[in-house]
């Protein structure tokens with residue numbers, strides 16, 4: 207669509223974006239990546255050597271996870287027909303042709319990772335019967351290697367793409383992340399022989415999280431880079447499966463340090479260091495411990511990898527500049543270049559004290575001029591996630607409309623250490639509200655926010671917090687916007703996918719049905735009759751994370767007492783991967799806000 211003449215907020219949504227291209231070590235010039243340039247997130251293929259480029263998928267839901275095959279002859283993606291995230295891996299020739307199931311013998315399920323190495327394909331799936339890991343050896347049909355009633359996923363599964371932390375470079379070892387001794391928030395690592403299923407090694411830090419990051423790229427070198435939390439923040443370590451030795455790397459860096467990749471000769475690691483929502487990249491030499499900066503602008507590095515020639519490719523974004531794929535010299539990696547002339551407000555780093563005297567960090571985006579402004583507290587999802595200095599057209603649309611926007615990394619957020627993240631375990635729906643409300647008070651005290659024109663908003667867990675705020679603190683809010691919320695916690699658990707049920711058990715310490723007192727105090731549906739403010743609720747019909755049915759029960763309770771509310775239902779799942787659909791949703795939200803908050807208008 208030609209965006210000329212559209213409002214600035216809409217042009218930002220229509221700016222082309224892309225994820226990091228994925229490649230196989232055996233065919234590094236054949237890359238696959240998702241992009242929204244067609245108006246919906248789809249898979250694209252690029253031959254780096256020739257420049258040949260094509261759109262691979264035309265999926266009605268959209269696709270955001272893909273990888274080339276090991277030999278570079280095909281492109282693989284996870285196909286989900288409805289948006290429920292229940293689907294299958296499919297493959298198409300790299301140059302184009304018919305798509306077919308990659309492992310047709312496997313049932314449909316929720317993906318828990320796909321990994322490829324010489325002679326081995328590993329796939330993990332969750333179904334209603336539990337979690338299982340399957341391996342296909344030397345082209346034979348897959349067989350079940352491991353099964354659990356609780357979460358078991360391939361190593362680095364949540365990083366998506368060509369998984370570097372599951373199968374070793376030579377296919378001799380397979381790393382799994384499991385929760386047999388803990389929960390989804392505190393997994394342990396297990397390495398198996400993928401051909402026999404025999405255990406080779408186990409790594410566990412009681413009460414702390416371990417995650418696989420990437421194996422050495424050298425065949426026969428069985429060193430695994432992993433992440434641990436022994437120092438509070440995420441930190442890198444090396445696990446040598448030949449000797450069993452574990453080495454926690456000591457680095458003169460504050461904050462979270464993530465392993466992104468190895469240099470191709472196995473001599474160094476690519477590290478990303480995040481401090482208060484902003485990243486820096488480093489090359490860490492394993493022989494001498496030398497730490498050299500990889501030059502990038504301040505902002506967020508969504509993902510990074512090292513090319514065979516030693517160049518670094520990364521996805522970079524800032525609050526006032528769209529996400530795009532560049533190399534470490536700043537050159538564009540995939541066509542076309544990012545959209546220009548999309549002015550946006552930079553985020554300001556923000557600190558304040560909560561009622562317990564703890565320092566909370568977040569970001570503020572404010573309109574030009576002097577306050578106090580109408581204020582919108584936009585609560586991030588997860589909850590094990592964080593607000594960072596990243597491109598968010600939704601935030602900028604609210605700023606254009608006249609709001610100062612507060613983004614709070616409440617207790618439960620990642621990026622501030624293990625204890626901060628784990629503060630919600632067994633105590634959901636408490637610390638988040640305390641910290642968001644403390645942030646609102648701070649913005650009022652600074653003269654930025656008008657307390658009579660305060661809005662609470664968020665999606666997913668942010669939608670859950672929004673509904674709890676409206677019910678438990680109705681005096682604070684002029685109106686609320688709850689996108690794909692958890693509204694009835696117990697019903698949401700019953701209707702969710704197996705991976706989300708496992709996450710809830712980790713977060714709560716048990717199933718919600720085993721915690722009736724907590725649910726009565728922390729499930730929004732128990733406070734629906736106390737809601738005073740008008741509320742806009744957005745739900746996806748095929749959402750398996752925050753399901754449709756439980757949200758509609760909350761809406762029915764509002765309807766029964768004639769409370770002012772507006773409902774919008776879209777036809778896919780937890781997120782809309784269609785740009786037109788997302789623009790439509792935000793347009794409805796802006797119109798709702800303009801009708802309920804004095805001084806706000808839909809930006810033209």
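Residue numbers (this note's numbering): 207 to 810.
Here a beta-carbon is modelled for each residue, glycine too, at the ideal position from N, C-alpha and C.
This one's a predicted model, so the numbers in the text were calculated from it and none came from an experiment.
Residue i versus the options, residue with shortest Cα-Cα distance
i           : options            : result
residue 758 : 775, 767, 221, 768 : 775
residue 413 : 389, 605, 672      : 389
residue 694 : 710, 729, 667, 706 : 729
residue 591 : 562, 638, 549, 552 : 638
residue 437 : 449, 416, 511, 640 : 416
residue 264 : 275, 250, 745, 277 : 250
residue 353 : 362, 347, 334, 370 : 334
residue 431 : 271, 465, 459      : 465
residue 648 : 565, 243, 715      : 565
residue 522 : 540, 514, 516, 515 : 540
residue 726 : 697, 751, 750      : 697
residue 574 : 585, 551, 555      : 551
residue 299 : 271, 341, 269, 252 : 252
residue 259 : 542, 806, 504      : 542
residue 525 : 419, 555, 510, 598 : 598
residue 731 : 803, 420, 755, 748 : 755
residue 343 : 321, 767, 360, 363 : 321
residue 685 : 491, 788, 769      : 769
Short Cβ contact (9 Å threshold) for residue i with residue j
i           : j           : result
residue 485 : residue 478 : yes
residue 444 : residue 455 : yes
residue 337 : residue 753 : no
residue 738 : residue 683 : yes
residue 529 : residue 508 : yes
residue 605 : residue 618 : no
residue 319 : residue 378 : no
residue 672 : residue 688 : yes
residue 400 : residue 328 : yes
residue 483 : residue 368 : no
residue 676 : residue 741 : yes
residue 724 : residue 588 : no
residue 323 : residue 394 : no
residue 351 : residue 315 : no
residue 582 : residue 611 : yes
residue 221 : residue 545 : yes
residue 224 : residue 278 : no
residue 440 : residue 463 : yes
residue 428 : residue 410 : no
residue 481 : residue 500 : no
residue 230 : residue 276 : yes
residue 516 : residue 469 : yes
residue 358 : residue 341 : no
residue 467 : residue 512 : yes
residue 706 : residue 714 : no
residue 785 : residue 663 : no
Integer Cβ distance of residue i from residue j, believed to fall under 8 Å
i           : j           : result
residue 380 : residue 373 : 5 Å
residue 654 : residue 578 : 6 Å
residue 793 : residue 289 : Residue 793 to residue 289, Cβ: 20 Å. No contact.
residue 296 : residue 308 : 6 Å
residue 760 : residue 734 : 6 Å
residue 640 : residue 560 : 6 Å
residue 226 : residue 531 : 6 Å
residue 282 : residue 273 : 5 Å
residue 712 : residue 391 : 4 Å
residue 691 : residue 670 : 5 Å
residue 371 : residue 420 : 5 Å
Distance cut-off 8 Å: residue i Cβ against heavy atoms of the ligand GDP
i           : result
residue 798 : As for the ligand GDP, it is missing from this structure, which has no ligand bound.
Residue i - partner residues in DSSP beta bridges
i           : result
residue 443 : 432, 454
residue 240 : 249
residue 683 : Paired residues: none, contrary to the question.
residue 565 : 559
residue 583 : 612, 662
residue 553 : None, per the DSSP bridge assignment.
residue 285 : 294
residue 415 : DSSP, once it has assigned bridges, lists no residue as partnering residue 415.
residue 405 : 398
residue 776 : 746
residue 530 : 522
For the stretch 257-282, list the beta strand (DSSP E) runs that are entirely contained and at least 3 residues long, ordered along the chain.
259-261, 272-274
Entirely within the stretch 292-369 and at least 3 residues each: give me those beta strand (DSSP E) ranges in chain order.
292-299, 315-323, 326-333, 336-343, 349-354, 358-360
My parser needs the alpha helix (DSSP H) runs of 4 or more residues fully inside the stretch 673-761; what are they?
695-701, 704-714, 722-728
Any beta strand (DSSP E) of 3 or more consecutive residues that is wholly inside the stretch 464-500
474-481, 484-491, 497-500
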